[in-house]
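>
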Amino acid sequence: MCACSASRPLWRLAAPAVILRHAFTPPDNSRLAHLCGTLDEHLRRIEAALGVRIGRRGEQFRIEGEAPAASAALTLLQRLYETATRPIEAEALQHALREAAAPAAADEAPPVVLHTRRADLAARSPNQLRYLRGILAHDLSFGIGPAGTGKTFLAVACAVDALERSAVQRIVLTRPAVEAGERLGFLPGDMAQKVDPYLRPLYDALYDLMGLERVTRAFDKGLLEVAPLAFMRGRTLNHAFVILDEAQNTTSEQMKMFLTRIGFGSRCVVTGDVSQIDLPKGRLSGLVEAQSVLAGVPGVAFTQFEAADVVRHPLVARIVAAYDAARQRSEGG
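Quick note: the sequence shown uses our numbering, first residue 361, plus one each step.
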């Protein structure tokens with residue numbers, strides 16, 4: 361069983377509104393240990409995320425805080441206890457905390473259900489939900505923000521869903537082959553082998569969402585295409601779901617070229633992180649330019665992700681926030 365939280369001092373609330381008490385009966389010591397985490401680390405994370413104070417003696421829990429936060433904490437504890445047949449992983453707790461911290465936003469917008477082999481696929485933040493709804497409602501959508509926010513994975517999921525529903529005839533995934541400190545010429549193999557590492561994240565998302573066997577069959581039938589951006593010139597993509605990933609590394613000319621490939625019955629998603637531009641100094645990013653040029657254009661949706669939307673290890677979100685703060689200080693100075 362985990363250590364009792366009453367053995368350590370708890371921070372004092374400025375103006376506590378309510379005190380909620382709850383007992384898990386009949387008590388299950390194994391579930392309680394998984395719920396609390398080692399040395400009550402899960403309870404401490406819930407306290408920090410929701411701004412409440414949690415005390416515990418055995419199966420008895422005492423939650424102190426503002427009414428909405430205390431209620432959200434109690435609901436979260438109950439939900440975690442019901443599923444705590446095994447230790448709760450850090451990622452699962454992070455996602456649960458994100459949902460609990462924004463219950464209003466989750467209630468206002470109905471969930472988006474996508475048809476992929478991942479039955480657990482769902483938006484894990486209000487911005488992710490806004491992003492999915494933007495993709496489904498617009499012919500051209502932009503997802504802009506830091507790494508780890510699910511921009512590419514969710515876009516590929518929407519593409520797979522559209523293909524499964526026969527809303528499109530094929531999926532086309534593309535990226536600019538821009539070096540991040542290395543040179544393509546030093547990589548072994550022919551051109552296809554040289555650019556393959558740049559496209560690997562797109563393959564990984566497809567394998568996760570469709571399975572290796574189905575992806576292989578789809579490539580054989582021409583239902584899937586993954587190619588460097590340079591291969592898009594001169595083409596018109598009709599009845600296709602097209603995704604441009606790592607778009608911060610496109611030039612203005614490349615971005616315009618890509619956007620004018622959109623054909624009838626097609627849907628296009630552009631993703632990128634403007635804080636990680638690998639273009640030569642002095643070259644304007646096509647994604648940065650598109651943000652201003654296409655703002656307000658009918659049929660175009662923009663979703664801006666933030667560090668709070670990162671769904672990887674919690675440390676990634678803190679790293680992103682630290683770099684953002686450093687950049688803002690530099691720009692302010």
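All C-beta atoms, glycine included, are put in the ideal place defined by N, C-alpha and C. Fair warning: this is a prediction, and the values are worked out from it, not measured in the lab.
1) If I follow the unbroken alpha helix (DSSP H) through His394, where does it start and stop?
2) Could you spell out the range, first to last residue, of the beta strand (DSSP E) harbouring Ser501?
3) Is it right to say Asp564 is buried, meaning 16 or more other beta carbons lie within 10 angstroms of its own, or is it exposed?
4) Shortest alpha-carbon distance to Thr631 belongs to which of Glu426, Phe579 and Gly494?
5) Taking the CB atoms as reference points, tell me whether Gly510 and Asp633 lie closer together than 8 Å.
6) Let's see if you can read the secondary structure: which residues bound the alpha helix (DSSP H) around Ile694?
7) Just verifying my parser: in three-state terms, what is the DSSP assignment at Val671?
8) Rounded to a whole number of angstroms, what is the C-alpha to C-alpha distance between Gly503 and Thr445?
9) Please classify Ile637: does DSSP put it in a helix, a strand, or coil?
10) Quick check: the region 639 to 655 against the region 478 to 492, are at least 3 beta-carbon pairs closer than 8 Å?
11) So what does Gly415 bridge to, in DSSP terms?
12) Got a sec? Which residues, its chain only, sit under 7 Å from Tyr696 by beta carbon, not counting five neighbours each side?
13) If you compare alpha carbons, which of Gly418, Ala429 and Glu401 is closest to Gly411?
14) Can you find the residues in the same chain that come closer than 7 Å, C-beta to C-beta, to Ala681, ignoring five residues on each side of it along the sequence?
15) Determine the extent of the alpha helix (DSSP H) in which Val532 is found, giving its start and end residues.
16) Comparing alpha-carbon positions, which option in Gly594, Ala607, Ala600 and Glu524 lies nearest Leu559?
17) Give the range of the beta strand (DSSP E) segment to which Gly632 is assigned.
18) What number of angstroms, rounded off, separates the C-alpha of Gln636 from the C-alpha of Arg535?
19) Between Leu496 and Leu533, is the Cβ-Cβ spacing less than 8 Å?
20) Taking Ala383 as part of the alpha helix (DSSP H), name the residues at either end of that continuous run.
21) Please confirm whether Thr596 and Gly623 have their CB atoms less than 8 Å apart.
22) Here's a check: name, in chain order, each residue in its chain whose Cβ is nearer than 8 Å to the Cβ of Arg530, leaving out the five neighbours to either side.
23) So which of Met615, Glu407 and Arg621 has the shortest CA-CA distance to Leu654?
24) Taking 8 Å as the cut-off, decide whether the C-beta atoms of Met617 and Thr476 are in contact.
25) Tell me the residue span of the beta strand (DSSP E) that contains Gln438.
26) In chain order, what residues of the same chain lie with their CB nearer than 8 Å to the CB of Phe591, ignoring the 5 residues before and after it?
27) Can you tell me whether DSSP reads Ile679 as helix, strand or coil?
28) Which residue's Cα is closest to the Cα of Thr611: Asp388, Ala650, Arg627 and Asp669?
29) When the Cα atoms are used, what is the spatial distance from Gln688 to Arg678?
30) Return the residue from the list Arg381, Arg621 and Leu492 that minimises the CA-CA distance to Phe665.
31) Just tell me which of Glu426, Ala661, Asn609 and Leu380 has its CA closest to the CA of Leu698.
Taking the coordinates as given:
1) Asn389 to Cys396
2) Leu500 to Ile504
3) exposed
4) Gly494
5) no
6) As shown, the chain starts at 361 and ends at 693. That puts residue 694 outside it, with no answer to give.
7) coil
8) 37 Å
9) coil
10) no
11) Arg422
12) Summary: the structure shown does not reach residue 696, with the chain confined to residues 361 through 693, and so no result is reported for it.
13) Ala429
14) Ala667
15) Not the alpha helix (DSSP H): Val532 falls in the beta strand (DSSP E), residues Arg530 to Arg535.
16) Ala607
17) Arg627 to Gly632
18) 14 Å
19) no
20) Element bounds for Ala383: not the alpha helix (DSSP H) but the beta strand (DSSP E), Val378 to Ala383.
21) yes
22) Leu523, Gly582, Leu583, Leu584, Glu585, His599, Ala600 and Phe601
23) Met615
24) no
25) No beta strand (DSSP E) contains Gln438, which is instead part of the alpha helix (DSSP H) from Ala427 to Thr443.
26) Thr534
27) helix
28) Ala650
29) 15 Å
30) Leu492
31) Residue 698 falls outside the range modelled here, since the chain spans only 361 to 693, and no answer is possible.
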